[in-house]
C-alpha cells in the first residue's frame, strides 16, 4: 500500500511557465513533508520542506503548499528553467519518538521545454 | 565540506554471492539512513542509525540484509546470498539530527546476474 503517491509519472512544461507537481498521502500521522530533486546517476538533493503546522513555504522560485484536510501537497516552480528538468520526489515522515526513514513517492519526471 | 560518499559506485555480482556496500556520511551527522530504489520505483527505506545503534530495522527486506555503523561514521550494508531481485540502486543519506533534512550520496548500483 503506497502511502505517498505521485500520480503523474511525467510532466512537460514550457520554459518560463509555472510547473506544478502534485503529491497525495494517506497516512494521517505524517507531519513533515519534503521535496527532493534527482538528476540521473546522482543521489536526490533536498529542495524544500514544510511542517504540518504550516500551509505554505516559499524559497525563491519554489513554493510548497500543504492541504492537510485533503492530504495533498504541491510544489510550484515559477518561472521554470531548463535546469529544473529532473525527477522530483515527494517524501513524508511522522513524529514517532525517533526518526524514521522518509516515505517517498515514485517521482515525477519534469521536462522543461525551451 | 565533503558530502555523503558511497562505494563502489557500481557492483555486478553473481547470484548467491555476498556483497558489501559502504557509506561515508557527512562529518558530524548523527543520523544515517539506507534506502533502495528499484527500477521505476520510489525510494524504499531500509534501515536507520542514530549514532551506531539501529533502533529501526523493520525496513530490511529479509534476513539476508544486515547493516553496521562504526560510531558516527562509516556504515556498511551487507547482502548475503544475493538474488536477482536485490538488483537496485542503494542510496545512503545522513542528517545532522533525527528528522533533519537528509543529504544523499550518489548511490551504489547493484546488478545481480
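Protein chains in written order, with the numbering used here: chain A, 1 to 114; chain B, 1001 to 1113.
Backbone N, C-alpha and C define an ideal beta-carbon position, used for all residues, glycine too.
Please read these numbers as outputs of a predicted model, since none were measured by experiment.
Problem set entry | Inter-residue Cα distance where the pair is residue 1019(B) and residue 72(A) | 39 Å
Problem set entry | Residue environment, residue 1012(B), which counts as buried when at least 16 other CB atoms sit within 10 Å | exposed
Exercise. According to the neighbour-count rule (16 or more other Cβ atoms, all chains shown, within 10 Å of its Cβ), is residue 70(A) buried or exposed?
Worked result: exposed
For this session: Determine the chain A residues that contact residue 1106(B) at a beta-carbon separation under 8 Å, and present them in chain order.
Result: The answer, in chain order, is 41, 42, 43.
For this session: State the Cα-Cα distance for the pair residue 46(A) and residue 1017(B), rounded to the nearest angstrom.
Result: The alpha-carbon separation between residue 46(A) and residue 1017(B) amounts to approximately 34 Å.
Problem set entry | Expected contact under 8 Å - CB spacing of residue 86(A) and residue 39(A) to nearest Å | 5 Å
For this session: Specify whether the region 1027-1044 of chain B and the region 1068-1081 of chain B touch according to this definition: at least 3 beta carbon pairs, one from each stretch, less than 8 Å apart.
Result: yes
For this session: Just the C-alpha distance for residue 68(A) and residue 32(A), rounded to the nearest angstrom, thanks.
Result: In this model, residue 68(A) and residue 32(A) are separated by some 11 Å (Cα to Cα).
Exercise. From the beta carbon of residue 106(A), is the nearest beta carbon of chain B less than 8 Å away?
Worked result: yes
Exercise. Closest Cβ-Cβ distance between residue 89(A) and chain B: below 8 Å?
Worked result: yes
Problem set entry | Proximal residues of chain A, C-beta to C-beta of residue 1102(B) below 9 Å | Contact note: residue 1102(B) reaches chain A through 34, 36, 44, 46, 91, 101, 102, using a C-beta cutoff of 9 Å and chain order.
For this session: With 9 Å as the limit, tell me which residues of the region 1028-1056 of chain B have their beta carbon closer than that to any beta carbon of chain A; keep them in chain order.
Result: 1031, 1033, 1034, 1035, 1037, 1040, 1041, 1042, 1043, 1044, 1045, 1046, 1047, 1048, 1050, 1055, 1056
Problem set entry | Residue range of the unbroken beta strand (DSSP E) whose run includes residue 1031(B) | Taken as a continuous stretch (DSSP letters only), the beta strand (DSSP E) holding residue 1031(B) covers 1031-1037.
Exercise. Given a threshold of 16 other Cβ atoms within 10 Å of its Cβ, counted over all protein chains shown, does residue 98(A) qualify as buried or as exposed?
Worked result: Bear in mind that the predicted position of residue 98(A) carries a pLDDT of just 45, short of 50, making it too unreliable to give a figure here.
Exercise. Using a Cβ cut-off of 9 Å, which residues of the region 1064-1088 of chain B contact any Cβ in chain A, in chain order?
Worked result: none
Problem set entry | Neighbour flag for residue 59(A) against chain B, beta carbons, 8 Å | no
Exercise. Three or more C-beta pairs closer than 8 Å, one from the region 7-22 of chain A and one from the region 104-112 of chain A: is that the case here?
Worked result: yes
For this session: Pull up the distance between the alpha-carbon of residue 1127(B) and that of residue 1089(B), whole angstroms please.
Result: The structure shown does not extend to residue 1127(B), since chain B spans only 1001 to 1113, so no value can be given for it.
Exercise. Any idea what DSSP makes of residue 1055(B), helix, strand or coil?
Worked result: strand
Exercise. With DSSP run on the structure shown, which of helix, strand or coil describes residue 97(A)?
Worked result: For residue 97(A), the pLDDT reaches just 39, beneath the cut-off of 50, and the residue's location in the model is therefore unreliable, leaving the point undetermined.
Exercise. Which residues share a DSSP beta bridge with residue 1066(B)?
Worked result: 1078(B)
For this session: Give the range of the beta strand (DSSP E) segment to which residue 36(A) is assigned.
Result: Judged by DSSP secondary structure, residue 36(A) falls within the beta strand (DSSP E) whose first and last residues are 30-38.
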